Amino acid sequence: MGMTRRRFLGYAAGAATLALPFDLVRPDRSHWAAVLDLKESCSLRESLAGYESALTGLALRRTALIVPAALTLPPPAVRSIVSCLQAGGIVLLESGAGFAAGRDFRAHRVALRDYLHLRVEAPVPLWSAPTSAPRIPYVDYTWPSSAKVRDFSRAVPVGRQAGEVIAWVDGLPVALKRRSGRGGTLIFLGSPLGPALWAGDAQARRWLVDVLGLDQPCSCANGGVAWDASAAGPLGVVPVAAPASVR
Amino acid sequence: MKKAIGDNMIRKEWGLEKGLDLVKQAGFDGIELWLGDMPWFQLTTADVEVRELRRKIENAGLVVSNVSTGLHWASPLSARDPTVRGRAVRIVEREIETAVLLGTDAILLVAGLVTEEVPYNEVYQRCVEALRPLAEQAARAGVRIGCENCNAEHRFLISPREFWQFLNDVNSPAVGIHLDVGNIHDTGFAEQWIEIHGPRITRIHLKDVMKKRGRCGDQSVYTNLFLGDNNWPAIRAALTKVGYDGWLVAEMEARYRYAPDQQFGDTARAMDRLISGRL
Chain A
1 MGMTRRRFLG
11 YAAGAATLAL
21 PFDLVRPDRS
31 HWAAVLDLKE
41 SCSLRESLAG
51 YESALTGLAL
61 RRTALIVPAA
71 LTLPPPAVRS
81 IVSCLQAGGI
91 VLLESGAGFA
101 AGRDFRAHRV
111 ALRDYLHLRV
121 EAPVPLWSAP
131 TSAPRIPYVD
141 YTWPSSAKVR
151 DFSRAVPVGR
161 QAGEVIAWVD
171 GLPVALKRRS
181 GRGGTLIFLG
191 SPLGPALWAG
201 DAQARRWLVD
211 VLGLDQPCSC
221 ANGGVAWDAS
231 AAGPLGVVPV
241 AAPASVR
Chain B
1001 MKKAIGDNMI
1011 RKEWGLEKGL
1021 DLVKQAGFDG
1031 IELWLGDMPW
1041 FQLTTADVEV
1051 RELRRKIENA
1061 GLVVSNVSTG
1071 LHWASPLSAR
1081 DPTVRGRAVR
1091 IVEREIETAV
1101 LLGTDAILLV
1111 AGLVTEEVPY
1121 NEVYQRCVEA
1131 LRPLAEQAAR
1141 AGVRIGCENC
1151 NAEHRFLISP
1161 REFWQFLNDV
1171 NSPAVGIHLD
1181 VGNIHDTGFA
1191 EQWIEIHGPR
1201 ITRIHLKDVM
1211 KKRGRCGDQS
1221 VYTNLFLGDN
1231 NWPAIRAALT
1241 KVGYDGWLVA
1251 EMEARYRYAP
1261 DQQFGDTARA
1271 MDRLISGRL
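If you're matching them up, the sequences are chains A and B in order. So the first sequence is numbered by the working numbering: it starts at 1 and just counts up by one. So the second sequence is numbered by the working numbering: it starts at 1001 and just counts up by one.
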């Protein structure tokens, strides 16, 4: 986990003192996917709607937190992300900064760097440069399964850092997977997937299902550190997927 | 049925007053105002100036048939960039506001723009989502939003059944179709669009089209009424069948190279013939 111990403890303490508007933590074998609504820090509401729609009714084998179209990361959101990772869950953090103005993008980049040790480059417009050959308008995902999903006009490339690049567009690395916390997995998407889900792209949905179905069950099933979803505080955390049946 | 023509047919050097006189003398009943096209009707035009514009139009013996805009070609509701999309929504809102100020009950909207970059499914979904709240605003204002069929130009809602489904998905009586009988090109037949959409038609744009030409450089596929390939007797019969008795609005992309004022009179006479059914 790319976060100092001091900062993490600070978030954890803050989370413990928050009122609990909902309880997503179940000390049993249930696993949940939740979509975190960052409110004004979510730059694409359609992305949020896309994830909600894609996940509704799915049975999961792993606890997952999805953060769609993030522009900035308010502290409660960071607490949720950290809690989920510490609980061995999977966090899918989608950048919503492709169209952000300079100052907003800088804040985005600083938040990713300081809170999650993620390094990203400035957004790249994929369609504005004149090219002699026609463009292929797809992001190619290579993990956990291969998938082609429409690009979203601009992409936020990931910089050189620890982790595995799992998607490319026009030769740019635009998604990263990294082990984090106690068995958790952080996935950063520099090209939004939510709008493709929202528009009904079956391959985008299959890729998402493959991501969420991976790996061993959440550590909370074994009495480990539970993911404190209530750390989301005033942000909206929408549980969208039913718990998987106990195996 | 009543006849109107767009204010964007008025040459800027003529000015508004001379243009309105010409429109009236040619025999039109009203004028379509294009937000953003002419100096007298911009997004920055204040309410008091819009009221003054209405006064001038009424003093000329005309009324406003509807408010239209071409601004959505550059700022479509279907844009991926949230800032552009916000601008697009604001343009529609201003159309609604000015329609009320100008005493008309219809606005035109180019609903979405499919491009190589922004694919059809996204455009469809985004337009439906954007139109639902706008429909509520329009309904409160007593205005109907007419989504124009720009078929080949916006590569969206190309068949009449597809357009029908789109309006079903928006699901508001405040949103209908601003039918352009020239825009269908060789993808169908205007009379069939009229029959399918009937009461959902908010206004009708008239122009003729050379269906076999296709766009070629700067050459227009559009032409003056009765010079192209539209089946005008069938169009007239379809209008009778669905009971359309609203505005017919001339939208002449192909302009007279000489004697441009002549086009106003010629167009009005052709529209009279269409309305009379003597075809």
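Cβ atoms here follow ideal geometry from the backbone N, Cα and C, with glycine treated the same way. This structure is a prediction, so every number in the text was calculated from the model and none was measured.
Original post:
Alpha carbon to alpha carbon, how far is I1091 of chain B from A1250 of chain B?
Top reply: Going from the Cα of I1091 of chain B to the Cα of A1250 of chain B covers about 23 Å.
**OP:** Output the distance between the C-alpha atoms of N1230 of chain B and D1208 of chain B, rounded to the nearest integer angstrom.
**Re:** 6 Å
Original post:
Would you say P217 of chain A faces chain B, with C-beta separation under 9 Å as the test?
Top reply: At P217 of chain A the pLDDT is 38, less than 50, meaning the model places this residue with poor confidence and gives no usable figure here.
Original post:
The alpha helix (DSSP H) with F1156 of chain B in it runs from where to where?
Top reply: It is not in any alpha helix (DSSP H) - F1156 of chain B carries neither H nor E in the DSSP assignment.
Subject >> Host alpha helix (DSSP H) of W1232 of chain B (start-end) >> reply: W1232 to V1242
Original post:
What separation, rounded to the nearest whole angstrom, lies between the Cα atoms of A54 of chain A and A64 of chain A?
Top reply: 14 Å
**OP:** Identify whether H252 of chain A lies in helix, strand or coil by the three-state DSSP scheme.
**Re:** In the structure displayed, chain A extends from 1 to 247; residue 252 of chain A sits before or after that span and is not available.
Subject >> Cα-Cα separation, A1259 of chain B to H1072 of chain B >> reply: 31 Å
Subject >> P144 of chain A versus D210 of chain A: straight-line alpha-carbon distance, rounded >> reply: 6 Å
Subject >> Buried versus exposed call for D1245 of chain B [16 or more other C-beta atoms within 10 Å across all chains shown] >> reply: exposed
Original post:
At a CB-CB cut-off below 9 Å, which residues of chain B make contact with G200 of chain A?
Top reply: For G200 of chain A, the neighbours in chain B by C-beta distance under 9 Å run, in chain order, N1121 and Q1125.
Original post:
According to DSSP, is N1151 of chain B helix, strand or coil?
Top reply: The answer is helix: DSSP assigns N1151 of chain B an H, G or I state.
Original post:
How should A1138 of chain B be labelled, buried or exposed, when 16 other C-beta atoms within 10 angstroms of its C-beta is the threshold for buried?
Top reply: buried
Original post:
Alpha carbon to alpha carbon, how far is L1131 of chain B from L1113 of chain B?
Top reply: 14 Å
Original post:
How many whole angstroms separate the CB atoms of R1080 of chain B and V1118 of chain B, which I take to be in contact at a CB cut-off of 8 Å?
Top reply: 6 Å
Subject >> For A175 of chain A, the nearest candidate out of A:P74, A:G183, A:G96 and A:V165 (CA to CA) >> reply: For the set A:P74, A:G183, A:G96 and A:V165, the Cα lying nearest the Cα of A175 of chain A is the one of A:V165.
Original post:
Using 8 Å as the threshold, is the segment 1144 to 1155 of chain B in touch with the segment 66 to 77 of chain A, meaning 3 or more CB pairs across them?
Top reply: Taking one beta carbon from each stretch, the segment 1144 to 1155 of chain B and the segment 66 to 77 of chain A have fewer than 3 pairs nearer than 8 Å; the two do not touch.
Original post:
For P153 of chain A, which residues in chain B fall below 8 Å Cβ to Cβ?
Top reply: In the sequence on display, residue 153 of chain A carries Ser and not Pro. What S153 of chain A touches in chain B: R1080, D1081, E1117 and V1118.
**OP:** Report the neighbours of F99 of chain A on chain B: residues whose CB is nearer than 8 Å to its CB, in chain order.
**Re:** R1080, D1081, P1082 and T1083
Subject >> Start-end ranges of the alpha helix (DSSP H) lying completely within the segment 1185 to 1217 of chain B, minimum 4 residues >> reply: Within the segment 1185 to 1217 of chain B, the complete alpha helix (DSSP H) runs of at least 4 residues are 1190 to 1197.
**OP:** Have a look at G1198 of chain B and L118 of chain A and give me their C-alpha separation to the nearest angstrom.
**Re:** CA-to-CA, the gap between G1198 of chain B and L118 of chain A works out to about 56 Å.
**OP:** Please check if any C-beta of chain A sits within less than 9 Å of the C-beta of E1129 of chain B.
**Re:** yes
**OP:** Please report the residue range of the alpha helix (DSSP H) in which W207 of chain A lies.
**Re:** A202 to L212
Original post:
Taking C-alpha atoms, which residue in B:R1144, B:L1239, B:L1227 and B:V1242 lies nearest to V1170 of chain B?
Top reply: B:R1144
Original post:
So the beta strand (DSSP E) I1096 of chain B belongs to, where does it begin and stop?
Top reply: I1096 of chain B -> not in any beta strand (DSSP E); alpha helix (DSSP H) instead, spanning P1082 to L1102.
Subject >> Assigned exposure category for K177 of chain A - 16 Cβ within 10 Å defines buried >> reply: K177 of chain A comes out buried.
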